[in-house]
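Working notes, structure below.
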Amino acid sequence: MPLKRGLERVSCDFCHRRKIKCDRLLRARQGIAACSQCTLRDIQCHVDDSDDIRIRRRRQTTARGGILEVGTGDLQPALSQPSPGVGGDSASRVTSESHILYPSPGNDNAALPNISFDMFADSPFALSFDNMLFLDQIFMGNCGPAEDHNERSRDSQNPTSTSEMAQTDSQEQDGKDLVLSSEEPSTYSWMGVSVDSAFCTAALRSYFDYAALCLPILLADAFWEDYHANRCSELLLLAVACRGMPFIEAPDKWNLQQLLAAAFRERYLSARSNTCDNETIRLDDLEALALMIDFEYDDSRSPPLLSNLGRLFLTHDSLVLMTMNYRILDHASANSTIPTKLARASERRVLLYWHMYGLDAFHCLDKKQMSRIPDNDVGSSENISLHESKDYFDAFLALAVIARQLTQTLCSPFSKREGVVFNDIHNLYEQLDYWRDSCCPRHLRRYTDSTGRPNPIEIREPNSSRTGKYTHLYRGVLWALELHCRLMIEDCVSEFGIQDKTSLEAEVLTRRVEYESLRALNEMVNICQWMKQHETHHEDPERHSLIDLAPNILRNICAGMCYWSCQRGIDLCDSGPPRLLQCRHANDREEILKRKVRNYVEIAQLLRDAAATATSHRDTAHVLERIDKQRELLDSRLNLL
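Throughout, the working numbering is defined as the position within the sequence shown, counted from one, plus 58.
Below, the structure is given as structure tokens:
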């Protein structure tokens, strides 16, 4: 925020970066160390004025005179003590990144107690501090100070130690070994569900080993800690076991999955209808709801009332509204006098917010509808996709921001009524190009050869560590989502049209949209061929295709592009090839047209076979059934030529 000439900044770094009013000076005069915004989030409130040339000159002048003067004047005595909630242990956990982002000569050991810079250390994912602040402003910008203060006062009664907040990879593995070696906690006994507890325990492990790799919702070590301490919500246990069930070896695992899903739906709806406070929800219950979104229930086994209520309350919109409007409890019991805090609750909130924002961005893009998550006042949203990301988390979030802008631009009421503006389409393509070439991390970028195929020389093999084991999966997910965005631009333009259709610029833009769509289809074919060469396995010898580990992304995108390829071939049968590809001799035109249509048939078959590799999931059969109908229609049109 620009300052008036001659004035020194007195707002703290947090408020200054977010361009919000800071009451630090007023509270300092009252003897309070931190501003209200920093107190609300339990973060340290400090000012880094090292880049202020006026203060720097004054310090140089006073230093020559033998007097050391602090630039913040009368604020310094009030800020000499750390803010409440910042202890010595948490201060020692600051990584080098914090000094790069906020250099503070006067307080080198300052750190955020609840959202630490190394919260995803030893994890295959990493989220930058700027992106954490971005998600915090999105989901907590309208949080009431009074209600949040009450929740944090309960947190102080049972604080979580720093060692619990900084679990390492070896500790996570120890948690898994504990599941293998110990008996089932007696508190759960799988809650009356007619499923063998051994299958359920195996499903819990399989979820974190396979199902949670591409879009994690909760931290594995935190889950196991709560699990063995009998703090886990039964809804979360049912949801995790349900999502992990497809990856276990069981004779009737899909029916077992439906039993767990039906139990989750019944108990979730019963819990929400019987709750005394409709304004709060447990964090692990919200994680369970996020896990079960878009699950296909077998309604033939359930009463119609439960099915109808599930279609009403177990939806994406319901999840978004509850996250935005409800107060999320970090405790295992809301009614207890001294409730037990869930393990790593602050980090789990950030992870849930990341998952929610990305899921919502692409969900709204597919539905061509405006999001219920407001971000009109977030100034940093435009800059997230403009710098190189550190790892998978940052890259996914940056691409989600672009997808969100795509929806807001191309699917707005004005665009639906008047058509899409020329410059908007060009700007969106430029953002996608910049994300692909500069923003995406170097080890996750798509390097291609002259034919457009992924270049094996540039795309290095990942290392054998836990961080690099699933690099190919992250590459495939990011590449497919970027190409999906390009194809969605074509879908929106073809549905809503463009302004001034009679101009030459409109024709040029139409050709570019067509070119970008065909290039995306060609690159997706090459990516599918590349993914066939890579499979992922965990400690066991069983191997899974990359598409099997990310069905809602890779499988569905392959199926969507298969459908688009079939439609492209059908349109080619009706209109013929472009003029530049037409044969000079009339006798050869029919044969050339048949070859081109057969090419689209082959592309559709390749994409269909790629989607079919998601063999662990029962709904894959329904996905293949839908695209097979379109392929049959293309074959029938080809036979008429």
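Ideal Cβ placement from N, Cα and C applies to all residues, glycine included.
Please classify residue i as buried or exposed, where buried requires at least 16 neighbouring CB atoms within 10 angstroms.
i	result
residue 535	buried
residue 690	exposed
residue 626	buried
residue 692	buried
residue 421	buried
residue 451	buried
residue 120	Unreliable placement is indicated for residue 120, whose pLDDT of 41 sits below 50; the coordinate value is still reported in the next sentence. Looking at its Cβ environment, which holds fewer than 16 other Cβ atoms inside 10 Å, residue 120 is exposed.
residue 418	buried
residue 432	exposed
residue 472	exposed
residue 591	exposed
residue 354	exposed
residue 256	exposed
residue 569	exposed
residue 361	exposed
residue 307	exposed
Can you tell me the Cβ-Cβ gap for residue i and residue j, rounded? I've got them flagged as a contact below 8 Å.
i	j	result
residue 576	residue 483	16 Å between Cβ atoms; not a contact.
residue 343	residue 400	Not a contact, Cβ separation roughly 11 Å.
residue 385	residue 345	15 Å between Cβ atoms; not a contact.
residue 587	residue 476	Their Cβ separation, rounded to whole angstroms, is 41 Å, which puts residue 587 and residue 476 out of contact at 8 Å.
residue 322	residue 276	No, residue 322 and residue 276 are not in contact; Cβ-Cβ is about 15 Å, not under 8 Å.
residue 74	residue 67	6 Å
residue 415	residue 193	6 Å
Classify residue i as helix, strand or coil using the three-state DSSP reduction.
i	result
residue 389	strand
residue 216	Unreliable placement is indicated for residue 216, whose pLDDT of 41 sits below 50; the coordinate value is still reported in the next sentence. Coil at residue 216, not helix or strand.
residue 636	coil
residue 585	helix
residue 101	coil
residue 506	strand
residue 432	coil
residue 699	coil
residue 615	helix
residue 304	helix
residue 179	Confidence at residue 179 is low in this model, with a pLDDT of 46, below 50, so the placement of that residue is unreliable and no value is reported for it.
residue 609	helix
residue 623	helix
residue 410	helix
residue 416	helix
residue 662	helix
residue 185	coil
residue 538	helix
residue 561	coil
residue 448	coil
residue 68	coil
residue 676	coil
residue 543	helix
residue 575	helix
residue 328	helix
residue 196	helix
residue 106	coil
Can you tell me which residues form a DSSP beta bridge with residue i?
i	result
residue 533	Answer by DSSP bridge pairing: none, since residue 533 is not bridged.
residue 628	According to DSSP, which records beta bridges pairwise, residue 628 is partnered with nothing at all.
residue 603	593
residue 556	478
residue 309	Beta-bridge pairing links residue 309 to no other residue.
residue 512	506
Contiguous alpha helix (DSSP H) assignments of at least 4 residues, all confined to the region 458 to 493: 471 to 476, 480 to 492
Going residue by residue through the region 337 to 406, where are the continuous beta strand (DSSP E) segments of at least 3 residues, counting only ones entirely within it? 338 to 340, 385 to 387
Quick one: which unbroken alpha helix (DSSP H) runs of 4-plus residues sit fully inside the region 250 to 280? Chain order, please. 255 to 264
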